[in-house]
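So for the sequence shown, the working numbering puts the first residue at 6; every next one is plus one. By construction, the Cβ of each residue, glycine as well, lies at the ideal position given by its N, Cα and C atoms.
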Amino acid sequence: MRAQLILALETSCDETAAAIVEGGRLVRSSVVASQHELHAEYAGVVPEIASRAHVERLVPVVQRALDDSGAAWTDLAAIAVGHRPGLIGSLLVGVAAAKGLAWSLGLPLIGVDHVHAHLYAAELTSAPVPNSPTPSHPAPPPGAGLFPALGLVVSGGHTVLYDVRGPLDLRRLGSTIDDAVGEAFDKAATILGLPQPGGPALEHLARSGNASAHRFPVSRLAPDSLDLSFSGLKTALLYAVRGTPGHPPPAAPPDEPARADLAASFQRAAVDALALKLERALDALNARGAAPRRVIVGGGVSANQALRRAVATLAQQRGLEVSLPEMVWCVDNAAMIAGLAWHRLNAGLVDDLSLCAEPTATC
Ligand code: KG4
Ligand code: ZN
6 MRAQLILALE TSCDETAAAI VEGGRLVRSS VVASQHELHA EYAGVVPEIA
56 SRAHVERLVP VVQRALDDSG AAWTDLAAIA VGHRPGLIGS LLVGVAAAKG
106 LAWSLGLPLI GVDHVHAHLY AAELTSAPVP NSPTPSHPAP PPGAGLFPAL
156 GLVVSGGHTV LYDVRGPLDL RRLGSTIDDA VGEAFDKAAT ILGLPQPGGP
206 ALEHLARSGN ASAHRFPVSR LAPDSLDLSF SGLKTALLYA VRGTPGHPPP
256 AAPPDEPARA DLAASFQRAA VDALALKLER ALDALNARGA APRRVIVGGG
306 VSANQALRRA VATLAQQRGL EVSLPEMVWC VDNAAMIAGL AWHRLNAGLV
356 DDLSLCAEPT ATC
């Protein structure tokens, strides 16, 4: 395996990120400038504010990624960029910058699908010795390279199940028909009066709550459906807090212990819904003779400890390996883009300056 250094840019939503990854796995540097403080007062990402902030922050973020890696511009083998899906104005900033870098440095340009990259994050490993002059070849993580695999991406914008035949060969099995699970966590957090991003705040509150206090709905959809739905769960929480339409609202808003019970019960229903669809997908793939050898999870919600435990338990029961990203690679970052780009580079899948930013997912 050649140990090429790839510089990747990631600007699909509200994180401005750049990273340098060696040989598709070893993260030499990763810089993420979060915009959470800019969007806090709106309880959601404002696209126009996000793209303007990317313009202001991208150049210093890229320079810092290069400095932290100990590499020089001339050491780079390619420039990668998350070019879909995402907010179009935000994506355009990263794509335009990546084109400028690739053209001026005479390097290949590689467009990477952000959602597919989330599923690659579990293969990344942190650089043990920053600025090491000698290329390192870390041992692969347990289970890495085992295919076929069942993949689950759980983020703020996407909730998708994949039949994963290889890093570049993903076939969509099902996805959410309404809210993404991270979006549901964020909205649930707002209902409970918690700050954004809501997922970590809700998980924190849930730790002191009783997950059996409320029986919130676990969506199943049709008996063989591999799609997911989280809007009913979100509405059930809203009714539990503010009262059902047509009935008098509760006399007082829930106190801290009551909110913790609501958070824990919400989290349990969301995790149960994901575990149920993972089980269904395993059964469906086994029946098709495409039995997965491991379960891979990625995306911001894969940082959730209740979900991580549920996936580990399921994989153990089924005798499968499990690949979960290190906490730092669960949420948006550019290292996952650089890592997956390495596979595209070595498969000859490079782009040219006609690469487009695409707001919607294609697979
Ligand atoms: O992957 P990501 O950084 O961005 C997208 O591609 O959307 O995911 C962000 C989402 C947010 O909705 C955030 O609330 C959620 O991931 N999240 C969590 C946790 N950490 C982040 N949800 C539940 N529990 C967590 N610990
Ligand atoms: Zn993401």
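Contact set for A286: own chain, Cβ-Cβ below 6 Å, skip 5 residues either direction
Walking along the sequence shown from the start, residue 286 turns up at place 281. Only L155, L166, L178, L231 meet the Cβ criterion.
I want to check one thing, is the minimum distance from the CB of S307 to the heavy atoms of the ligand ZN below 7 Å?
Numbered from its first residue, the sequence shown carries residue 307 at position 302. Not under cutoff, so the answer is no.
Could you check what DSSP says for H348 in three-state terms: helix, strand or coil?
In the sequence shown, counting from the first residue as 1, residue 348 sits at position 343. Helix.
List the endpoints of the continuous beta strand (DSSP E) containing P191.
The residue given as residue 191 occupies position 186 in the sequence shown. According to the sequence shown, residue 191 is Asp rather than Pro. First-last for D191: 186–196, but that is the alpha helix (DSSP H), not the beta strand (DSSP E).
With 16 other Cβ atoms within 10 Å as the buried cut-off, status of G248:
By 1-based counting over the sequence shown, the position of residue 248 is 243. Label assigned to G248: exposed.
Per DSSP, which one or two residues make a beta bridge with S35?
Locating residue 35 in the sequence shown gives position 30, where the first residue counts as 1. The partner list for S35 (beta bridge, DSSP) reads A24.
Whole-number beta carbon distance between A70 and T21, since they are thought to touch under 8 Å
Locating residue 21 in the sequence shown gives position 16, where the first residue counts as 1. Locating residue 70 in the sequence shown gives position 65, where the first residue counts as 1. Contact flag wrong, Cβ pair sits at about 11 Å.
I need the straight-line Cα distance from S328 to E42, nearest angstrom please.
Numbered from its first residue, the sequence shown carries residue 328 at position 323. Numbered from its first residue, the sequence shown carries residue 42 at position 37. So the two alpha carbons sit approximately 32 Å from each other.
Just the C-alpha distance for V377 and S109, rounded to the nearest angstrom, thanks.
Residue 377 is absent from the model: the chain starts at 6 and stops at 368.
When we look at the beta-carbon of C361 and count the other beta-carbons within 10 Å, is it buried (16 or more) or exposed?
If you number the sequence shown from 1, residue 361 lands on position 356. The residue in question, C361, is exposed, as its Cβ has fewer than 16 Cβ neighbours within 10 Å.
Just the residues with CB closer than 5 Å to a heavy atom of the ligand ZN, in chain order, which are they?
S160, D337
Beta-carbon separation of A14 and V86 under 8 Å?
Mapped onto the sequence shown, residue 14 falls at position 9. Mapped onto the sequence shown, residue 86 falls at position 81. Checking the displayed sequence, the identity of residue 14 turns out to be Leu instead of Ala. Cβ atoms of L14 and V86: closer than 8 Å.
Whole angstroms are fine: how far does the CA of P255 sit from the CA of G303?
By 1-based counting over the sequence shown, the position of residue 303 is 298. By 1-based counting over the sequence shown, the position of residue 255 is 250. Spanning the two alpha carbons is a distance of roughly 38 Å.
Going by the C-beta, is C18 closer than 7 Å to any heavy atom of the ligand KG4?
The residue given as residue 18 occupies position 13 in the sequence shown. Answer for C18: yes, Cβ within range of the ligand KG4.
Specify the secondary structure class of Q322 as computed by DSSP and reduced to three states.
Indexing the sequence shown from 1 puts residue 322 at position 317. It is helical.
Between V183 and the ligand KG4, is there a pair consisting of the residue's CB and a ligand heavy atom that are separated by less than 7 Å?
The residue labelled residue 183 in the question sits at position 178 within the sequence shown. Strictly speaking, residue 183 in this sequence is Asp, with Val absent from that position. Not so, every heavy atom of the ligand KG4 lies at least 7 Å from the Cβ.
Does the distance between the C-beta of E331 and the nearest non-hydrogen atom of the ligand KG4 fall short of 7 Å?
In the sequence shown, residue 331 corresponds to position 326, counting from 1. Incorrect: E331 has no Cβ contact closer than 7 Å to the ligand KG4.
Coarse secondary structure for T365, derived from DSSP in three states:
In the sequence shown, the residue the question calls residue 365 occupies position 360. Three-state DSSP puts T365 in coil, outside helix and strand.
Using a Cβ distance threshold of 8 Å, determine whether the segment 268–277 contacts the segment 237–246, with at least three qualifying pairs required.
yes
Mapping DSSP to helix, strand and coil, what is E331?
On the sequence shown, position 326 is the one that residue 331 refers to. Reduced to three states, the DSSP call for E331 is coil.
If you measure from the CB of F235, is any heavy atom of the ligand KG4 nearer than 7 Å?
If you number the sequence shown from 1, residue 235 lands on position 230. No, since every heavy atom of the ligand KG4 falls outside the 7 Å radius drawn around the Cβ of F235.
Comparing alpha-carbon positions, which option in E27, A23, Y47, G29 lies nearest V37?
For this step, residue 37 is matched to residue 32 along the sequence shown. Answer by Cα proximity: A23.
Please work out which residues of its chain come closer than 8 Å, Cβ to Cβ, to L283, disregarding the five sequence neighbours upstream and downstream, and give them in chain order.
Reading the sequence shown from its first residue, position 278 is the one you call residue 283. Contacts found: L155, L157, L166, V300, V316, L319.
For L92, which option in P52, V169, E188, V66 has the closest C-alpha, if you only look at C-alpha atoms?
The residue given as residue 92 occupies position 87 in the sequence shown. If we check each option's Cα against that of L92, P52 comes out closest.
Let me check understanding here. Comparing Cα to Cα, which of V186, R298, G187 lies closest to G171?
Walking along the sequence shown from the start, residue 171 turns up at place 166. Checked all of V186, R298, G187; the closest Cα to G171 is R298.
Which residue's Cα is closest to the Cα of S359: A218, L97, A149?
Position 354 of the sequence shown holds residue 359. Measuring from the Cα of S359, the nearest candidate turns out to be L97.
Inspect the beta-carbon positions of G204 and A265 and report whether they are closer than 8 Å.
In the sequence shown, the residue the question calls residue 204 occupies position 199. In the sequence shown, the residue the question calls residue 265 occupies position 260. Contact: no.
Cβ of V306 within 8 Å of Cβ of F190?
Locating residue 306 in the sequence shown gives position 301, counting from the first residue. Locating residue 190 in the sequence shown gives position 185, counting from the first residue. Yes, these two residues count as a Cβ contact at 8 Å.
Would you call the CB atoms of G161 and E128 closer than 8 Å?
Taking the sequence shown and counting its residues from 1, one reaches residue 161 at position 156. Taking the sequence shown and counting its residues from 1, one reaches residue 128 at position 123. Not closer than 8 Å, so no.
For D232, which three-state DSSP category applies?
By one-based count along the sequence shown, residue 232 stands at place 227. Of the three classes helix, strand and coil, the one that applies to D232 here is coil, per DSSP.
Let me know the secondary structure DSSP gives G99 once reduced to three states.
Stepping through the sequence shown from its first residue, residue 99 is reached at position 94. Reduced to three states, the DSSP call for G99 is helix.
Take C18 and list the residues in its own chain whose beta-carbon comes closer than 8 Å to its own, dropping the five residues that flank it on each side.
Position 13 of the sequence shown holds residue 18. Excluding positions up to five away in sequence, the list reads V50, A55, G91, L92, S95, G161, G162, D337.
Which two residues bound the contiguous beta strand (DSSP E) that contains Y4?
Outside the shown range of the chain (6 to 368) lies residue 4, about which nothing can therefore be said.
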